[in-house]
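With my numbering as the guide, the letters of the sequence shown map in order to residues 32 to 371. Note that CB positions come from ideal geometry on N, CA and C, so glycine has one too. From a predicted model like this one, the values you see are computed outputs, not experimental measurements. Just below is one structure, and these are the notes that go with it.
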Amino acid sequence: MVLENFALTRLNTLALPAHAARYLEIRSTEQIEALTTDHSLRGMRRFVLGSGSNLVLTGDFDGLVLRALIPGRRLVGEDAGHWHISAGAGENWSDFVQWTLAHSWAGLENLSMIPGSVGAAPVQNIGAYGVEVADRILWLAAFDTITGKSMRFSRKDCCFSYRTSVFKQEGWHLDGRHIITEVTFGLPKRWLPQIAYADLSAELAARKKFAPSAQEIARSVIAVRRRKLPDPAVLPNAGSFFQNPIVYAKKAAELSAIYPEMPAHPQADGRVKLAAGWLIECAGWKGKRLGPVGFYEKQALVLVNYGGARAADVAALTRVAQSDVRKKFGVDLVPEPVFL
Ligand code: EPU
C-alpha cells in the first residue's frame, strides 16, 4: 500500500526530520513488477531506502521512497573454492553476518556489526578492518523498473571501488531505476584470517588470540566498534561522515614532511590514502559541537546529532570542517553518505 506524506525521521539513523510524498515497503520482486505498471506512480522521482544508516536527508522528498524489505537467506550452491550464500536485500546486515558465522561459513567476520541492510551493502561497498564487501560478492540481482526485467550483475559489472559502485552513480539504484533484490556471496572454503588492521590486531593481541577463529575475529571487531563508534540508537549518526581522501604521492610526501605522525596508506595506483578522522581531529574538531551537531569525541570522522538537528545544521558543520581541513592541509573532504 502506497502511503502519503510519510515521516522518514525514524528511518534514518542520523534522525533528521523529513517527509516523503509517497512511501512503499517492498517485500517481493513481484511487488516491484506491479509497481512498474501503476500509472499513478509513473514519472515520479524515486529513491530506494534500505536501513537509512548511510543517509543524509536534506529536506522533504517530493517523490516515492521505496523501502527494500525483501527477506530470505540460504545456501544456494558451491564451487571448488566457495560456498554460495544468497540473502534478500531487506535482511539486516549484522544479523546476516552472525548467521553465516553460526553456520561456519567464514569470510564476513571483519564486517560484523556494520549498521544497514544486505541490499545497501554493495551500493557503497561497505568496508571495515581490511575487508570490503566487494571481496565477497559473486553477483547480485536487481530489478530494472524501465525494462521490467530482473538483471544479474557480476562483481565486475558492479564496478566496485573504495566506498562506491555503479549503483551509487546517477541513474542507477539511488534514483530507483534498478532495485537490488538479492545479493549472492562467495565465502571461501579455505578461509584465511584478515587481521593486519592495526585496531583489530591490537584487540586480538590483548585477548591473547594469536590464531583466532572467525567467531573470535567477529567478537574483537564488535568490541573495537563498540569502543570507538557511537550506537545510532543512543547517539544518532550515519557512520563515517567523509571518505578517507586519496591524494597524489607528492601531496602526501609534502604533508608527511610537516606531520611525520600523519597516517598514510599507499594505494595500488601509487596514490596515498589519508585518514579523514586524523585531519578533522588536527583541525580541532574532535568532540567539538556546532549547534546540535558535532564530531564524535572518540572518532572525529563520525558526525553526530545531539538532538533536534536539522539538515541546515549538518550542512553548516560540513562546510566549516571541510573549510578548516582545506586551509590547514590543502585536502578536500568529500562526504561519504548518500544525500537525498
Ligand atoms: N584517527 C585519528 N583521530 C580520529 C579518528 C581516527 O587520529 O578521531 C586516526 C586513527 O588513529 C588511525 C586512522 O585515523 O590511525 C584511521 O582511523 P580508524 O582505524 O578508526 O578508521 P577510519 O579510517 O577513520 C575507516 C572506515 C570505517 C571503518 C574503519 C575500520 C571510511 C570512511 N571509514 O574509518 O567505516 O569502520 O575504517 O576499518 O573508510 C563507515 O564507513 O561508516 C565506517 C565506520
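Just to check, is the beta-carbon of residue i closer than 8 Å to a non-hydrogen atom of the ligand EPU?
i: Asp-188; result: no
i: Lys-329; result: yes
i: Glu-273; result: Checking the sequence, you will find Phe at residue 273 rather than Glu. Yes - the ligand EPU has a heavy atom lying nearer than 8 Å to the Cβ of Phe-273.
i: Lys-359; result: no
i: Asn-43; result: no
i: Leu-72; result: no
i: Glu-234; result: no
i: Glu-367; result: yes
i: Ala-152; result: no
i: Pro-294; result: yes
i: Ala-307; result: yes
i: Tyr-290; result: no
i: Val-333; result: yes
i: Glu-64; result: no
i: Glu-312; result: yes
i: Ala-269; result: yes
i: Gly-161; result: yes
i: Asp-230; result: yes
i: Ile-145; result: yes
i: Leu-260; result: yes
i: Asn-336; result: no
i: Lys-317; result: yes
i: Tyr-279; result: no
i: Asn-36; result: no
i: Ile-248; result: no
i: Asn-85; result: yes
i: Tyr-193; result: yes
i: Gly-325; result: no
i: Ile-226; result: no
i: Gly-138; result: no
i: Gly-90; result: no
i: Ile-157; result: yes
i: Arg-256; result: yes
Can you name the residues that DSSP bridges to residue i?
i: Trp-170; result: Ser-185, Thr-215
i: Trp-114; result: Glu-109, Leu-218
i: Thr-195; result: Ser-192
i: Ala-295; result: Leu-305
i: Asn-268; result: Val-335
i: Asp-175; result: Lys-180, His-209
i: Val-79; result: Leu-97
i: Val-149; result: Paired residues: none, contrary to the question.
i: Pro-366; result: Phe-273
i: Ala-159; result: Val-162
i: His-134; result: In DSSP, His-134 forms no bridge with anything.
i: Glu-61; result: Glu-61 pairs with nothing; no bridge assigned.
i: Arg-341; result: According to DSSP, Arg-341 bridges with nothing at all.
i: His-70; result: For His-70, which the question treats as bridged, DSSP gives no partner whatsoever.
i: Phe-37; result: Ala-51
i: Val-154; result: For Val-154, which the question treats as bridged, DSSP gives no partner whatsoever.
i: Asn-123; result: Ser-148
i: Lys-317; result: Phe-326
i: Val-278; result: Val-303
Give the straight-line distance between the Cα atoms of residue i and residue j, rounded to the nearest whole angstrom.
i: Ser-251; j: Ala-229; result: 12 Å
i: Leu-100; j: Glu-122; result: 7 Å
i: Ala-52; j: Phe-92; result: 6 Å
i: Trp-136; j: Asn-36; result: 43 Å
i: Arg-257; j: Glu-163; result: 20 Å
i: Trp-170; j: Asp-188; result: 9 Å
i: Thr-195; j: Thr-68; result: 31 Å
i: Ile-226; j: Leu-235; result: 8 Å
i: Pro-102; j: Lys-359; result: 47 Å
i: Asn-275; j: Ser-71; result: 42 Å
i: Gly-161; j: Ala-65; result: 41 Å
i: Gly-270; j: Leu-95; result: 25 Å
i: Ile-248; j: Ile-168; result: 20 Å
i: Leu-364; j: Gln-353; result: 6 Å
i: Val-265; j: Gly-339; result: 13 Å
i: Phe-241; j: Trp-222; result: 16 Å
i: Leu-260; j: Leu-142; result: 14 Å
i: Leu-34; j: Leu-42; result: 15 Å
i: Lys-281; j: Cys-313; result: 21 Å
i: Asn-85; j: Thr-44; result: 8 Å
i: Ile-116; j: Glu-109; result: 9 Å
i: Met-32; j: Arg-58; result: 11 Å
i: Gly-315; j: Val-356; result: 9 Å
i: Leu-106; j: Ser-185; result: 18 Å
Under 8 Å by Cβ, that's how I've got residue i and residue j pegged, so tell me the actual separation to the nearest angstrom.
i: Pro-153; j: Phe-198; result: 7 Å
i: Gly-112; j: Glu-213; result: In fact, because the Cβ distance is near 21 Å, the residues do not count as touching under 8 Å.
i: Leu-47; j: Leu-88; result: 4 Å
i: Asp-206; j: Arg-77; result: 6 Å
i: Ala-38; j: Gly-81; result: Not confirmed; about 17 Å, so no contact.
i: Thr-349; j: Pro-366; result: 6 Å
i: Gly-90; j: Ala-346; result: 11 Å between Cβ atoms; not a contact.
Worksheet item: Unbroken alpha helix (DSSP H) runs of length 4 or more, entirely within the stretch 204 to 260: which are they?
Response: List check, alpha helix (DSSP H) in window: 229 to 237, 245 to 259.
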